[in-house]
Amino acid sequence: MGDQKQAPLNGASNGTSIPPPKHGRRSGRGSRCGCCCLLKFLLTVIFTVALLIGLFILIVWLIFRPINRVKLHVTDVVLTQFNHTDNILRFNLAANISIRNPNKKIGIHYDRIEAKAFYVDQRFGYQALTPFYQGHKNTSVLNVVFKGQQPLTLQGEDLTQFNQEKTSGLYSIALELSMRIRFKVGKVKTVRFRPKMDCDDLKIPLNKSPVAGSNNKCELKF
Ligand SMILES: *[C@@H]1O[C@H](CO)[C@@H](O)[C@H](O)[C@H]1NC(C)=O
Ligand SMILES: *[C@@H]1O[C@H](CO)[C@@H](O)[C@H](O)[C@H]1NC(C)=O
Ligand SMILES: *[C@@H]1O[C@H](CO)[C@@H](O)[C@H](O)[C@H]1NC(C)=O
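Our numbering runs 34 ahead of the 1-based position in the sequence shown.
Below, the structure is given as structure tokens:
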């Protein structure tokens, strides 16, 4: 008897349609249940995978929506020196950058903000700003000042561009803010994120206020 009972078990584990002993009472529908169970199993797997994907998308959305909604603008910019002589750049650039946190229930800890200024993809200015906390639905203004001198080699196209811009008095300077932020929702603080804001293609005039309507929006990058 023991041997005979063993046989269906082995059969079941080999994937044939012989029902395992505990389903013995329903042996008449055995083979159809196997098919049905497989279908059920497949549906469960598909459902679970779909649920996990949905959950993942939801989490990503919940995390990135608040970052995406943070808007930066360069509100004021004043360039009083931009002199490139003997491969040394002497510069004096001040800017106000407004950061708006429009999220209703989320505050933002700016644990680290570094402002950088670039000319033809070369960094010439750096400033570490004071960390701060920004409440929900609030706007903060960052005062950025880049002043000093920095070795900067301009060759070929870059030199041509500089000479053209020197003539026009309008310089293509890019600003970048690299940040480390945490969100605060109620009393919960999230992990750190490291978004980067690029304010590209600013055309900054020397010793003049910029023309209204010039591109002053900054874009988020990861
Ligand atoms: C640029 O800097 C050089 C070296 O300091 C100086 O001799 C020159 O006058 C400056 N040019 C302008 C337009 O400020
Ligand atoms: C930035 O804003 C402050 C306060 O409104 C102002 O005093 C300052 O001149 C601004 N900076 C620039 C570069 O315009
Ligand atoms: C925004 O921040 C300023 C300065 O921290 C604060 O005085 C003001 O109450 C805040 N506004 C809101 C709506 O939280």
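A virtual CB, placed ideally from N, CA and C, is assigned to each residue, including glycine.
_So Ile147 and Met213 are supposed to be a Cβ contact under 8 Å. How far apart are they, rounded?_
Confirmed, Cβ separation roughly 5 Å.
*Confirm the yes/no value for this check: CB of Thr114, any heavy atom of ligand 1, distance under 7 Å.*
Not under cutoff, so the answer is no.
*Is the region 128 to 137 touching the region 198 to 206 in the sense that three or more CB pairs, one from each, lie closer than 8 Å?*
As far as the Cβ criterion goes, the region 198 to 206 does not touch the region 128 to 137, which means the pair count is below three.
*Quick one: any contact between the region 100 to 110 and the region 229 to 243, if contact means 3 or more CB pairs under 8 Å?*
As far as the Cβ criterion goes, the region 100 to 110 touches the region 229 to 243, which means the pair count is three or higher.
*Using only the heavy atoms of ligand 1, determine whether one of them is closer than 7 Å to the beta carbon of Asn241.*
Checking the Cβ of Asn241 against ligand 1 gives no.
*From Ile131 to Leu163, what distance separates their C-alpha atoms?*
Rounded to whole angstroms, Ile131 to Leu163 spans 12 Å at the Cα level.
*Looking at Asp110 and ligand 2, is the gap between the Cβ and the nearest heavy atom below 7 Å?*
Answer for Asp110: yes, Cβ within range of ligand 2.
_On the criterion of 16 or more Cβ atoms from any shown chain inside 10 Å, does Pro100 qualify as buried, or is it exposed?_
Counting Cβ neighbours within 10 Å, Pro100 comes out buried, since at least 16 surround it.
*Near Gln168, which residues of its chain fall below 6 Å by C-beta distance, leaving aside the five closest residues on each side in sequence?*
Here the set comprises Asn135, Ile142, Ser174.
_Under 5 Å, CB to nearest heavy atom of ligand 1: contacting residues_ = Residues with a Cβ closer than 5 Å to any heavy atom of ligand 1, in chain order: Asn117, Thr119.
_Touch test, the region 210 to 224 against the region 183 to 191, Cβ-Cβ under 8 Å, three pairs minimum_ = Output reads no: the region 183 to 191 does not touch the region 210 to 224.
*Exposed or buried, which one is Ala84 when buried takes at least 16 other CB atoms within 10 Å?*
Around the CB of Ala84, fewer than 16 other CB atoms lie within 10 Å, so the residue is classed as exposed.
*Can you tell which of Asn241, Leu193, Glu191, Gly159 has its C-alpha closest to the C-alpha of Gly203?*
Out of Asn241, Leu193, Glu191, Gly159, Asn241 has the C-alpha closest to the C-alpha of Gly203.
*Check Asp155 in the structure and name its three-state DSSP category.*
The three-state reading of DSSP puts Asp155 in coil, since its state is none of H, G, I, E or B.
_Rounded separation between Phe257 and Leu92 - CA only_ = Outside the modelled stretch of the chain, which goes from 35 to 256, sits residue 257, for which no answer is possible.
*When we look at the beta-carbon of Ser61 and count the other beta-carbons within 10 Å, is it buried (16 or more) or exposed?*
The predicted model places Ser61 with a pLDDT of 47, which falls under 50 and marks its position as unreliable; any figure quoted below should be read in that light. Exposed is the call here.
*Are the beta-carbon atoms belonging to Ile22 and Ala128 less than 8 Å from one another?*
Not covered by the structure: residue 22. The range shown for the chain is 35 to 256.
*Contact set for Thr224: own chain, Cβ-Cβ below 6 Å, skip 5 residues either direction*: For Thr224, same chain residues with a beta-carbon under 6 Å away, outside a window of 5 residues either side, are Arg216, Phe217 in chain order.
*Per DSSP, the bridge partner or partners of Lys74*: BP columns for Lys74 are empty, so no partner.
*Can you tell me the Cα-Cα spacing of Glu24 and Lys251, whole angstroms?*
Residue coverage of the chain in this structure runs from 35 to 256, which leaves residue 24 outside it and unanswerable.
*Nearest to Lys237 by CA position, among Asn121, Gln161, Trp95, Val112, is which residue?*
Selected option, being the one with the closest Cα: Val112.
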